[in-house]
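Okay, structure first, notes after.
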Amino acid sequence: MHLFIEQYGVRLELEDGMLKISGTDGVRYASFLKLNSINILKNGIISTAVLGMAAEFEVPVMIYDATGRVDAWTWSHKYGSIALLRKSQVYYSDSKFEWNG
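Numbering-wise (this note's numbering), the sequence shown opens with residue 1068 and increments by one.
See below:
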């Protein structure tokens, strides 16, 4: 599930291991096990506990600017650096891999 926050003033907090989403229309909960991404399009509040739990469950958190472009993007440290990822991709592409197609 991709979560999109499109309302001003929404709060994202952690409660009993669940993502608690509080806004003007009430409170909702989401499991990190079912989340693929958290996308924040308007100004809101997100706790560091939510960011930490998202990183633990490898759920990227993206914050967008007014034009709809990603302004900030958090992800798990388990992925390593971009340079390390690119080097691994190059080594894999150069490896002898037989294609059975």
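The beta-carbon is built from N, C-alpha and C at its ideal position, and this holds for glycine as well.
Enumerate in chain order the residues of its own chain whose CB-to-CB distance from residue i is below 8 Å, with the five nearest sequence positions on each side excluded.
i            : result
residue 1137 : 1129, 1130, 1131
residue 1103 : 1068, 1069, 1126
residue 1081 : 1087, 1114, 1116, 1117, 1120
residue 1140 : 1127, 1128, 1129, 1130
residue 1073 : 1108, 1109
Is DSSP giving residue i helix, strand or coil here?
i            : result
residue 1137 : strand
residue 1131 : strand
residue 1108 : coil
residue 1152 : helix
residue 1158 : helix
Where do the ends of the beta strand (DSSP E) carrying residue i lie?
i            : result
residue 1094 : 1093 to 1097
residue 1079 : 1078 to 1082
residue 1085 : 1085 to 1090
residue 1070 : 1069 to 1072
If you follow the alpha helix (DSSP H) that residue i is in, where does it begin and where does it stop?
i            : result
residue 1117 : 1115 to 1123
Starting from the C-beta of residue i, find all residues in its chain whose C-beta is less than 6 Å away, skip the five residues before and the five after it, and write them out in chain order.
i            : result
residue 1106 : 1071, 1129
residue 1124 : 1099
residue 1077 : 1090, 1111
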